[in-house]
Each structure stands twice: as C-alpha cells, then as structure tokens.
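Which chain is which? The protein sequence lines are A, B, C and D, in order.
Take the first sequence: its letters are residues 1 to 183, numbered as in our numbering.
Take the second sequence: its letters are residues 184 to 498, numbered as in our numbering.
Take the third sequence: its letters are residues 499 to 1142, numbered as in our numbering.
Take the fourth sequence: its letters are residues 1143 to 1344, numbered as in our numbering.
One structure below.
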Amino acid sequence: MSLRCPEVTLAVLLFAALAGCHREERRFSESLPASTPLDSVVQSDIRPGGTPLPHQPDFIYETNAYAVSQGKQLYEWFNCKGCHADGGGAIGPALMDDQWIYGDSPQNLYATIVEGRPNGMPSFGGKIPPQQIWQIVAYVRSLAGQVRKDVDTSRADHLFTRKSEQSMASTEPRASSPPPQPQ
Amino acid sequence: MHSAINTAGPRAHEIAELMTLFTAVCAVVYLIVIGVLIWALLRKRARARLASEAEREIADRKARHVITWATALTVLILITLGLSDFFVQRSLFTPPKDPLRVLITGHQYWWEIEYDHPDPSQRLRTANELHIPTGKPVELVLTSRDVIHSFWLPSISGKKDLIPGRVNTEVLIADKPGLYTGQCAEFCGLQHAKMRLVLHADSPEDFEKWRQQQLQPGREPATDTERRGRTVFTSTSCVLCHSVQGTDASATVGPDLTHIASRGTIAAGTLPNTPDNLAAWILAPHRMKPGVQMPATPLPPDDLGALTKYLASLQ
Amino acid sequence: MSTVQLQDKRALEAVWADPPGFMGWLKTVDHKRIARRYFVTALVFFALAGLLALVMRLQLARADNTLVGPDLYNQLFSLHGSAMMFLFAVPIMQAAGIFLVPLMVGTRNIAFARLNAFSYWIYLFGGLLIFVAFVLNIGPEAGWFAYVPLSGPQYSAGKRTDIWAQMITFTEAASLIVAIELVVTAFRLRAPGMLLRRIPLLVWSQVVTSFMVIFAMPAVMLASSFLISDRLVSTQFYNPAEGGDALLWQHLFWFFGHPEVYIIFIPALGMVSEIIATFAARPAFGYLALVLSLAVTGFFAFGLWVHHMFVTGLPPAGMSFFTAASLVISIPTGVQIFCWIATLATGGAIRFTTPLMFVVGFFFIFIIGGLTGVMLASVSLDSQVHDSYFVVAHFHYVLIGGAVFPLFGGFYYWFPKLTGKRLSERAGKWNFWLFFIGFNLTFFPMHILGLEGMTRRVYTYGADTGWTPLNLLATIGSAIIAVSVIVFVVNVILSLRRGAPAGANPWNGTTLEWGTSSPPPSYGFADLIYVGSRQPLKITPLAYVTGLPTRMRTSLATTLADARPDHITPDPNPSIWPLVTALAVTVLFIGSIFTPWALIWGSVPVTIALIGWFWPTEKQARDLQACEVKPEEGRAPRLVEIGP
Amino acid sequence: MNDRIRVLDVSGLQTYAYGHRSLMWWGTLGMILIESTVFALAIGSYFYLRGLSVTWPPHGAPPVLTYGTINTGVLLLSAIPNQWTKHQAERENLRGTRIGLVICLVFGAIFLAIRGFEFGALQTSWNTSAYGSIVWALLLLHTIHLVTDFIDSAVLTVLMFTGPISGRRFVDVSENTLYWWFVVLSWLFIYATIYLAPRMPP
C-alpha cells in the first residue's frame, strides 16, 4: 500500500490511541463530602472489620504515586517512626509483614489511625486532617507491598535501613491475634 | 526593595559597579563590531575594483592586519575584565571579622532561621523573616533539609545554594535600615515561586530590642477567646507541625510560631499578616499555594476565630 | 576492461532505488530520506515545544495568574527545555550533517547507512515517549537539568523523572551514532582530491561537533543511568546520607551540559561560513583561522562546566580558573566573527537573500548573547544573575541567535537542494523580520527582569514585584515569534506544492553538493566529482571518477590525509532490521523504567534483532563474492581521457 | 562542447582492506572512544566520592583479591589467541581463523564464569552505600562490554563455520579482535580502581 504521507497517518494513529489512556491526576486538596468520617467514628473496642467503617473517598489514594510519596513524608514527620521504626516495628507492631492485627483494608487502617489502638497507638482523630490520613494509609499499605510497583515510593534520602518499598515483595495479608495485654 | 541594580549593601553595590563596567565595555565592543559589519555589508564603490586577483590579495593582507589587531584588542579587553572581576571576587570572599552567625535551613517552601549563640538560652528560632543590625557583617550558615534551595537577597548580596549534605556560607552587610525582599533562586519544587523571605535591616538598637522580645516565650493568652484559641491550637492539627515556646506544642516540622504576630508576612512572604489572611490560610492553604505541605484544616468558624485571635496575640 | 565510460545512470537507479511504498519508507537507508525525516520530526518537536513556551508566556503575562497551576507549569518548562535541547537542537544540527556531509564530501551515502536509519528510529521513539508521557500528565517535572535531590527518589514521585532520564538515553544514543557516522564519512569517504585543506567549512564544523558529542554525551548517559538506578534499585550515588553527593550530578551533567550547547552552536558556525562565502561571492576569508577556531572552541568547551555551579559554594580559587577559561573561549568565536566580517567586506557583490538576512540577524543577536556570556563568566556577577531571567535571556540569545537563526538561514539556503523547489523570498523576508522583532521584544526585557530579581522557573510572581509590564511585553513578543514560525511553515508547504523548480545550483554555490541535481538522485553522484580546489565546482571542465561496480551499491573509500582512492566499499542495502532493533531497544528501555529485570529479558529480542541485521542475505553474499577483488589482486586507479 | 573529459578509472581497486584502512576499524575506534569516556567518568566519580568520604570503603573490607586477580590473568592470557586469530584472519586462513575464534570464545566463557564469582566477592551490595553503588556500576559496565563482545564473537564464529565466507568476513574478525583489546585494556584500569585503590592510603 503506498501511503501519500506516512508521517501524518502515524501521528493520527498515535493520538487516537492516546485518547483512551488514563491520566495520572495529582490532587493538592481533597474536597471530602460534608459528613467527613471524622466525627462519625465511635471510640469503641477492637473492631477488626466488624461494624460499618468510614467510607472510602472516590479518589483512590493508593493508585496515585504523589499521594503515596506524601504519605511517606508524613509517616516521617508525624513520628510514626518513633514506634514503628522504618516499617520493621519497634515498640509498635511491624507494618511491613503480612500480619494485620486490626484489618488490612484502607478503611480499617483509617479507623486505627483515627481511633487509636490499645498498647500505645495514640488517637490522631482531629489531629491529622482526613486527606493526610488517607495518604498515610496508602503509604502503610505500600509498606506491606499491597500497592502497585510503579506507584510505590523508592528509597529515601537518609540512612539506608531496608529495601525500598518498590523492591519489596508483595505479601498476602493474614489476620493475626492482638499482642498480649500487659498485666 | 528587590533589585540587583539599586542596592543597599556594600557587597551588592560592588557587584552592581562591576556590572556597569562590564555593560559599558560590552556595549562599546558591540557597537564597534556591528558598525564594521554594516560598513562591510553596504560598501559599494570598491566592489568592481576587487574583481582581479591582485586587488583581492591586497585586500586580504589588509584584512589580516586588522583582524590580528582586533583579536589582540579582544584579548586585552578580556584580561582587564577578568582582573576587575578577580579583585571584586577577592573582596567578596574575604571572611568577615567576628560576624553575627545565623543558621539558615532550607525547607520545601520556607526558611528556618536560627540565631547562633554559645549560650543556649540566647539561641533564637524564627522563620522566613531575617532581622539583622545595619553596618555589622552577618555570616549565614546555609544547609538544607530536603532539596537544593538558593538564598538570594538581590539588594544586599549575591546568592548562595543550600545543599543537603553540605554547609555553605554567605555574608550579608546592610548599610541603610529598611525592608529588603529575597527569593529562593534554585528550582525546588511546586511552590518554588512563593518561597520568599523578608530582610529587616534594623539599627543596632532596634535589632537588640527585637532580639530580646523574640527571646521571650509565647505570650500568655489574656482573654477567654485567646485561651480557647490556644486549646484549639494544641488539640487540632497545628500541634503536630508547629511549636510555640511556653506551650506544649514543640514540633519542628513547620515554622516556629512563638512570635508569628511580629512578622509582617505569613507563608514565606506570600500573604501580608492580617487576621483574615491568617484564617483563610489555615482553612485552605492550597488555594494560595497549591502543593504546599500544610494541609487544609476544616475548623468550625468559632474555633477558627478563637485560633486566629490567639495567633494574633503572639507578638 | 574495454573502453572506460561514465556510469550507467539507469543501472545505478535500479540498484540504489528503495523498494516502493510504505515498506520502502520503513526500510530505506538513503541518508537523504532519513535526513528529511529527521528535519520533519525535529521541526514538529520545535513547534510543540514552542507551543509549550507560548502557554508559559501566557501564564506569566500578568501577576498572580491562574491560567496554569504549578504542577502543569513545572511540566511545561521542563518539557520545553528538554524537548528544545534534546529533541530539536542537537538532532536537527546532526540531521543537517547527515544530509550535507555526504553530499559536500562528494560520496553517495553516509558511512554505516543502516546504523543511520536505526539512529532515527530510536530518536523518534525517545521523542514520542516523552511527549506521550506529558499528555498522560507524567511528563518531566524537575527542569531540563533536573538537579538531584529534587529529581531524586524521595522528592520526585512516580515515574516522571525516570521517563525523562530514559528519554535522554534514547536521544543521546542516537546522536552518538550519528557522530561516529559523520566522522567516518568525513575522514574516509571524501571524493578523491579533497585534501584536508579543501574540506568545506561546514564539514569541519560537523567533524568538530561529532568529536564533542563522542566525549560529552557519555557524561549525561552515566549521570542519567545513575539517577535511574538510584530511583529504581536504591543505589546511593546522590544520597548525601550514604556517601553520595548532590553535586556529583551537577558535575557529571554540566561536563556534558556545556559542550552540549557548543554541539548545538558549532554546526551553525559552519552554516554561517558557507552562506557568507556564497553570498559574498568569494571563499571564506581566513580558512585556516576558521577551522582552528572551531577546533579550539570545541576543545575548550570541556574546560568550563563549573561556571554553571559558581553559587554552590565551591572553593573560590578553583572557580577563578573557570572564570578565566570561560573568558578565553570567547576569543576563537571572536576571531571567527572578524573573519566573516572580513569576508563580507572584501567579497564581490553582496546579494541580500533570506539566508544572508538570517546570518546578519545571527550577528546582531548572537554577539549580545556572547557579551552577556562574558558577564556570566565572572564569579561575582554570576552570583547576582545566576538562575535569574538574565540567564534565561542570555541562553536564548546564544541558542536562538547563535543556532536557530543560522539554522533557518541554512534551511532557506539548502531547501532547493533538499526538495528541488525554491522557498519564496518574500515570505522569507516576512519570516525573518517577524522572528527578529519578536525575538528581541521577548528576550531583551528579560535582561532587566533578571537584574530586578525575577528568578527562573517561577510559575507566577506577586503584583508587588512590578514585573508585569516587562512580562506582558515578552508575551507579546513570543506571539510574534509564533506568527513568524507559522509564516515559515506556510512558506514550506506552499513551496513544496507550487514552488519554482530550483536547478542544481540556484545560488551558484561552489561546494560539491551543488554539483548534483536537486533533489539529488538516490545514488547521490553518478560519477564522483574530482576535487581540484577548495571551490571544486569552479574548475571547468570537471574531472570525474568512475568505475564503481553497478551490480551492487558501492562507494569509494579514500585515505584520510590526501583522499587518494583506497578501496571500493559496498554500501548496505535497505533493510527492515534497523526498525526491528529500534523497537526491541525501545521495549528494553521502557521496560527498564519499571523493573531492572527488563535489562535481562529485554536484551534477548535486541540480540536476535542484531543478529538478523548482521547476517548477510543470500543475494548480498553472492553480490559480494562476484564483485570481490582481493587486496593483492587490486589494480591502482588510472587517469584516462575519454572522448564524446 | 565536445572536448575530452578527464576521468579517473577506479574499477580495478580492491574491495576490502585490513586494519585502519577499513571503515569498520574507524567505527570500532569511535565506539572505543565513547566507552573509554564512560569508563573514565565512572572512575572519576569513584575517586570523587572517595574524596568526600572519611573512610573508604565506608563499612566492610575492600573486595577480595583472589577472583579479580585470576580474572586479570585470564584476560591478559586471552590476548594471545586474540592476536593469533587476527593474524590468521588477515592471512585469510579459514581453518586457523575458526580455531582462533573458538579458543577466544572459550577464554571469554572462562572469564564470564569467574566474573560471576567476582560479583560475589565484592564484599558490598549496590544499595548499602555510594561506595557499593559505584563499585557495582564499574563492574557491571565492564561486564556488559564483556557479554556483548562474547555474543558478538559467538555470532561471528557461527558465521565463519556456516555462513557464506567472503573477504569482508575476515575483516570483521580482525575488527572484532581490536574491540577485544579494548575490553582487556579497560579492565586493567577498572581492576586497579576496584581492587587496588581501596587498599592504598588516600
């Protein structure tokens, strides 16, 4: 077939294909619905996924590289490292392994951060705005390899303690029992 | 004032003088070269005579002669410009005598300022607005916590980069008291454009008065609304990033707000420091600085009013 | 051998013609078709990057503008810079080399022709990669020189910077390949008689540029590979906490960066020399001075990269060495300008055609850029103007003034040879004046903005800064530049369809490319023209070189020093393998953005494609054996007189 | 005008030549220039990073000498068959060229195998520190050249055994030996950088 002008046809084909692609979107603010889950959360006992949980915003944080990297920064700024170290766990439980005490879904993690948990997990409800909590939730899930590799964060510009989230193997979440209660 | 041409410090003044020297010399060179070019393009009369080989040879020899002189002149000019720059550079890089040392740490989109002092109780932390006494050299010790920034006060001195993992120094000397603005000069991310800073060049007495006032812990709230504002400050998201001396908020992620009201601008020189700007900034910082690290804090109106009053009281 | 006669043009056409249709278009290895393809692609990228600049100018037209947010603005200026430098400037200058060097040295095709086709394809795929990424909102976001740690693993989320760094690998590999081809063509495929002192100045400029490419591009490929590995497999090259250093990136990048801007600028000097020589109706004055200046500029360019880092706090003693080096490099350029002015002064009747007007525009604009460059060379002045709009004005003056103006002049000058049609002079004049005025309106105010403290890469500025009037003026100027580019495109399209047919030598130039028809036949020169002087076409009657076998594609390899015929070298046939290899390499490069294992499994298809490319086909093997003359059986060339 | 045209008849010229007279030699030289710039810059970065650090190597011992030194020996030895193959190719002795190529391949295989152990004996991983990164980068860069040249020679050997033989194929063999010389010489510099430099005081 002799095309009069092959360059033009190639360009047209390319742009047609482009129209169908999904564009990565960066949100600097999150217009959450009026009833933010913040006030509807009840301080109650352990509820690993039992009663209805705060709803997931339409913007899926853990598919967005910018949100996960913000989550990593906040993980450091809000001193989650103080108890959870670099994800390996210190006084707080490890976040990188496949064991989840209070449920591994984003809503469970959100509830854990907002409500706090026994044995020292403080309640950050009201202290961290919802959008940042969702970002931290997305990052914590990426620590355990639940997030797509191309969205994952890479190494940080400080001491190299473990493999970067990107090169960690993704794990199959398993529920595990809560840590022993102190007498 | 924010310009490299009309200056308010001896260092910027020296550089401005050097700039005028360079510009003058270059302008003269430019006019000569362009003049000769236009003459070369438009000379008509000799055109016919150059047809024969002999005349071409003479013309070539003359041209070769002119070019050697022109090149020699170029080399001479470059040497003079080079030497003039060398002397200015030497004076700029001579270390100052017992300067006031100020540690400046660059963050993504704001400046952390700490006045160095051997006695820890005299050390002073502030942000985005730098006060210096006039006439006295101030040595800035520059480093960065995240990416590369560049500290630039055009009217006072040249710029110097703040590089993570390295420590740079820059010297500031202001002659005339006044307000001089500066800007981050190395692209540092989404809000590089609004990472500005303000320099207050005060007379030595004003500076000392300002320093003493800054050393006091945060003022105790006088009225009920201010007291309520403080509880809002220490119970919602402010406490996770900011610190106010004298309260139990002591996070160093964000700027120190102990004397926020004494600063003329907020958000690294983006907004003038008025109560409603403060309220709008707390509610939705991304509307003024999209991509800034401070989150939106959806506070109910009365809490927000109390918080703003409390912050406005922190002189 | 019976009587010696000139080459049979019909036989040559049969051997050298590409297969018809789309497959022929994909398989061609003809340097002229590939050069035309390079020109079209580079100009499309130039137009796209120009549009990005227009949007930037609209955003900056007034204070606190909200037309474009910071994230999109960062992608706009990063892609504008990267596309202009990596996808337009270097490739189009090398494309001029691909088209002109073989014709000017009087050979039939560029050396390693299939490699040339491969270089175009990976250049194209690199360009498409970055523009597609931009459309998908994952374009580059850290500027065209992407300083670490902002472009590092922690502060640049997602795959934006990886894609940018991989685009560099594509375009640098392409330009390295072209550089080797141009050097080998200029050294070993010159027409007999073309001694070193008879080589046209444009060919010298391309040779100097090619050597600069060979020594400069590896630096950026190393730096970008270190960046990709830092981001992908957590190496610590740029991590200050683990022994790395942020300035390692700046040293490696600018060791390439400064030669890069000379790689863009020196071919333009070659074009200026050729255009002035033709329209001043005399050989360029001071041939030796011009060639030596090119070489000295090329060599010195590697010694001044630290003047991009004067404010990073390096030791002052070291910096004054680089101040001196930056001042010294302006001397050879100065000598060249003096020689050109002397050529114009002592030439014959000056014909003010569009190419010469663009060259005059080059003088007016580039010299301002050169002089502001002298200012930037001084450490103390640089501490005030570094990373401000003064620098933006400087490098636009030297790059647009120094490279794009001569390029447009060269385009008007060699368009008849490329397409066989003349570009209209009237539209050319409009194009020139609009470009000249629009350029100065846009970029001269930026000198003042820079001195008033406006820094680079700001997506907006406060109303209190007082910068709005000059920024508005710059935006209007950039609109005028856009109009002039539209005039240029319309001029090209109309001339292609209805332009006046241009003969073999419309400007009666004296270099070899005017010795063949316009557009040149697929085999370039039926009989190679024997070069008797620096202006070969001036010798009448012309002496020819004949006797190259016509059973297969062949060229004449000549010795380096005095271009004596050395041996007959076969030229590659059209082949689909360069495209297949380019696709395999693209899969490997894009795959290695996402996983390091792509280097392993990705290299298998590349190896297979390369074997397919290298393996001789039956017909090739038979032709080679038929025409083969062993070194010991070779007979020396004979000078013969043949009658009509 | 029917006067006579002066013409240079080159029809009897040879169609291929060895050494620097062949175009491929110049192409290989261009490739060698590029790759030696890459190696020079990588070694420059190594010493740049070393200049910044207090202790070098920062933690752990320098690479174990044994495998690296053995490999250097094997590499220098492989220069002999390499040169012999070049000699055979330029005398167009098909049998000699085939034997030479096979011997070179065997040397290449041995070298590649030992290189595997070398990677293990580096005493550092690529992500622990800048030292580890640059050492792995240097070794990996050289290994890539080794692998490409090994596959290149393998394809050439297969062609010399099966493919249509013509004078130009002997030129290709002789060029390939030139590229092998580059792989050998560049390794000496990298060996000195990786293995000897950390053992010497700064």
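Every residue gets a Cβ at the ideal spot worked out from N, C-alpha and C, and that includes glycine.
Everything numeric in this text was worked out from a predicted model, so none of it was measured.
- prompt: Is the shortest distance between the beta-carbon of residue 626 of chain C and the beta-carbons of chain A less than 8 Å?
  reply: Counting from one through the third sequence, the residue named residue 626 of chain C turns up at place 128. Residue 626 of chain C counts as touching chain A.
query: Using the C-alpha atoms, what's the distance from residue 913 of chain C back to residue 1017 of chain C?
result: Looking up residue 1017 of chain C in the third sequence gives position 519. Looking up residue 913 of chain C in the third sequence gives position 415. So the alpha carbons of these two residues sit roughly 9 Å apart.
query: By DSSP, does residue 337 of chain B sit in helix, in strand, or in coil?
result: To locate residue 337 of chain B, count along the second sequence from 1; it is residue 154. The three-state reading of DSSP puts residue 337 of chain B in coil, since its state is none of H, G, I, E or B.
- request: Determine the direct distance from the alpha carbon of residue 436 of chain B to that of residue 764 of chain C, and round the result to whole angstroms.
  value: The residue given as residue 764 of chain C occupies position 266 in the third sequence. The residue given as residue 436 of chain B occupies position 253 in the second sequence. Rounded to the nearest angstrom, the two C-alpha atoms are 50 Å apart.
- prompt: How would you label residue 1123 of chain C, buried or exposed, when you count the other beta carbons within 10 angstroms and need 16 or more for buried?
  reply: Against the third sequence, residue 1123 of chain C aligns to sequence position 625. Residue 1123 of chain C is exposed by the Cβ-count criterion.
task: Please report how far the alpha carbon of residue 838 of chain C lies from the alpha carbon of residue 1306 of chain D, in whole angstroms.
output: By one-based count along the third sequence, residue 838 of chain C stands at place 340. By one-based count along the fourth sequence, residue 1306 of chain D stands at place 164. Their backbone Cα atoms lie some 55 Å apart in a straight line.
query: To which residues does DSSP link residue 1044 of chain C through a beta bridge?
result: For the purposes of this step, residue 1044 of chain C is taken as residue 546 along the third sequence, with counting starting at 1. Paired residue(s): D:1151.
- prompt: Taking just the CA atoms, how far does residue 172 of chain A sit from residue 759 of chain C?
  reply: Here the question's residue 759 of chain C lines up with position 261 in the third sequence. Here the question's residue 172 of chain A lines up with position 172 in the first sequence. Using only the alpha carbons, I get a separation of about 52 Å.
message: For chain C, check one thing: does any of its Cβ atoms lie closer than 8 Å to the Cβ of residue 1339 of chain D?
response: Here the question's residue 1339 of chain D lines up with position 197 in the fourth sequence. No, no contact with chain C.
task: Could you please tell me which residues of the stretch 663-677 of chain C, in chain order, have their CB closer than 8 Å to any CB of chain D?
output: Listed by position along the chain: 674, 677.
- prompt: Along the chain, where does the alpha helix (DSSP H) that runs through residue 145 of chain B open and close?
  reply: Given that chain B is displayed from residue 184 to residue 498, the structure contains no residue 145 of chain B and the question cannot be resolved.
- request: Measuring only between beta-carbons, confirm whether residue 899 of chain C sits less than 8 Å from chain B.
  value: Residue 899 of chain C sits at position 401 when you count from the first residue of the third sequence. False, the Cβ-Cβ gap to chain B never drops below 8 Å.
query: Which one of C:946, C:534, C:510, C:846 has the shortest CA to CA distance from residue 589 of chain C?
result: On the third sequence, residue 589 of chain C is found 91 positions in, with the first residue counted as 1. Nearest option by C-alpha distance: C:534.
query: If contact means a Cβ-Cβ distance below 9 Å, which residues of the stretch 158-172 of chain A contact chain C?
result: 158, 159, 160, 163, 164, 166, 167
Three-state secondary structure (DSSP) of residue 1005 of chain C: To locate residue 1005 of chain C, count along the third sequence from 1; it is residue 507. Coil, per DSSP.
query: Can you tell me where the alpha helix (DSSP H) with residue 737 of chain C in it begins and where it stops?
result: Position 239 of the third sequence, counting from 1, holds the residue named residue 737 of chain C. Per DSSP, residue 737 of chain C belongs to no alpha helix (DSSP H) and is neither H nor E.
query: So, is the C-beta of residue 563 of chain C closer than 8 Å to a C-beta in chain A?
result: Here the question's residue 563 of chain C lines up with position 65 in the third sequence. So no, residue 563 of chain C is outside the interface.
Cβ pair residue 1298 of chain D, residue 1264 of chain D closer than 8 Å: Position 156 of the fourth sequence, counted from the first residue, corresponds to residue 1298 of chain D. Position 122 of the fourth sequence, counted from the first residue, corresponds to residue 1264 of chain D. With contacts defined as CB atoms closer than 8 Å, residue 1298 of chain D and residue 1264 of chain D fail to qualify as a contacting pair.
query: Name the DSSP beta bridge partners of residue 287 of chain B, please?
result: For the purposes of this step, residue 287 of chain B is taken as the residue at position 104 of the second sequence. According to DSSP, residue 287 of chain B bridges with B:296, B:325.
query: Any idea if residue 39 of chain A is buried or exposed, counting beta-carbon neighbours within 10 angstroms, 16 or more meaning buried?
result: As a position in the first sequence, residue 39 of chain A is number 39, starting the count at 1. Bear in mind that the predicted position of residue 39 of chain A carries a pLDDT of just 41, short of 50, making it unreliable; the figure below should be weighed with that in mind. The residue in question, residue 39 of chain A, is exposed, as its Cβ has fewer than 16 Cβ neighbours within 10 Å.
- prompt: According to the neighbour-count rule (16 or more other Cβ atoms, all chains shown, within 10 Å of its Cβ), is residue 359 of chain B buried or exposed?
  reply: What you label residue 359 of chain B is simply residue 176 of the second sequence in a count that begins at 1. Counting Cβ neighbours within 10 Å, residue 359 of chain B comes out exposed, since fewer than 16 surround it.
- prompt: Can you list the residues of chain B that residue 949 of chain C reaches, using a CB-CB cut of under 7 Å?
  reply: Along the third sequence, read from residue 1 onward, the residue named residue 949 of chain C stands at position 451. Here the neighbours are 186, 187, 188.
message: Distance check for residue 1190 of chain D and residue 41 of chain A, CA to CA, integer angstroms please.
response: For the purposes of this step, residue 41 of chain A is taken as residue 41 along the first sequence, with counting starting at 1. For the purposes of this step, residue 1190 of chain D is taken as residue 48 along the fourth sequence, with counting starting at 1. Low local confidence applies: a pLDDT of 44 at residue 41 of chain A is under 50, so the model's placement there is unreliable, with the coordinate-based value given in what follows. The alpha-carbon separation between residue 41 of chain A and residue 1190 of chain D amounts to approximately 56 Å.
- request: Assign residue 817 of chain C to one of three DSSP states: helix, strand, or coil.
  value: By 1-based counting over the third sequence, the position of residue 817 of chain C is 319. Assigned with DSSP and collapsed to three states, residue 817 of chain C falls in helix.
- request: Could you check what DSSP says for residue 383 of chain B in three-state terms: helix, strand or coil?
  value: Within the second sequence, numbered from 1, the residue matching residue 383 of chain B stands at position 200. Strand at residue 383 of chain B.
query: How would you list, in chain order, the residues of chain B whose beta-carbon sits under 9 Å from the beta-carbon of residue 136 of chain A?
result: Within the first sequence, numbered from 1, the residue matching residue 136 of chain A stands at position 136. Near residue 136 of chain A there are no residues of chain B at all, since even the closest Cβ is about 11 Å away, more than 9 Å.
query: Can you name the start and end residues of the alpha helix (DSSP H) that residue 218 of chain B belongs to?
result: Against the second sequence, residue 218 of chain B aligns to sequence position 35. It spans 193-225 - the alpha helix (DSSP H) in which residue 218 of chain B sits, taken as one unbroken run.
CB of residue 1203 of chain D within 8 Å of CB of residue 741 of chain C, strictly: The residue labelled residue 1203 of chain D in the question sits at position 61 within the fourth sequence. The residue labelled residue 741 of chain C in the question sits at position 243 within the third sequence. A distance of 8 Å or more separates the beta carbons of residue 1203 of chain D and residue 741 of chain C.
- request: Report the neighbours of residue 473 of chain B on chain C: residues whose CB is nearer than 9 Å to its CB, in chain order.
  value: Residue numbering aside, residue 473 of chain B sits at position 290 when the second sequence is read from its first letter. Here the neighbours are 567, 568, 569.
message: Using a 10 Å radius around the Cβ and a threshold of 16 neighbouring Cβ atoms, would you call residue 1070 of chain C buried or exposed?
response: Translated into the one-based positions of the third sequence, residue 1070 of chain C becomes position 572. Around the beta carbon of residue 1070 of chain C, a 10 Å sphere encloses 16 or more other beta carbons of the protein chains shown; the residue is thus reported as buried.
message: Closer than 8 Å is the cut-off here; do at least three beta carbon pairs connect the stretch 185-204 of chain B with the stretch 117-137 of chain A?
response: By the Cβ rule, the stretch 185-204 of chain B does not count as touching the stretch 117-137 of chain A, because fewer than three pairs are nearer than 8 Å.
- request: Give the straight-line distance between the Cα atoms of residue 35 of chain A and residue 756 of chain C, rounded to the nearest whole angstrom.
  value: For the purposes of this step, residue 35 of chain A is identified with residue 35 of the first sequence, where counting begins at 1. For the purposes of this step, residue 756 of chain C is identified with residue 258 of the third sequence, where counting begins at 1. Any reading at residue 35 of chain A must be qualified, since the residue scores a pLDDT of 36, below 50, and its modelled position is unreliable; the value itself is stated next. Rounded to whole angstroms, residue 35 of chain A to residue 756 of chain C spans 57 Å at the Cα level.
CB contact below 8 Å: residue 83 of chain A versus chain C: Taking the first sequence and counting its residues from 1, the one referred to as residue 83 of chain A is at position 83. No, its Cβ sits nowhere closer than 8 Å to a Cβ of chain C.
message: Tell me the DSSP secondary structure of residue 1284 of chain D in three-state form.
response: One-based indexing of the fourth sequence puts residue 1284 of chain D at position 142. Looking at residue 1284 of chain D - three-state DSSP - the assignment turns out to be helix.
query: By Cβ distance, which residues of its chain are closer than 8 Å to residue 860 of chain C, with the 5 residues on each side in sequence left out?
result: If you number the third sequence from 1, residue 860 of chain C lands on position 362. Correct list, in chain order: 766, 770, 899, 900, 903, 904, 907.
message: Out of B:489, B:454, B:492, B:486, which one is the CA nearest neighbour of residue 960 of chain C?
response: As a first step, residue 960 of chain C must be located in the third sequence, where it is residue number 462. Among B:489, B:454, B:492, B:486, the Cα nearest to that of residue 960 of chain C belongs to B:454.
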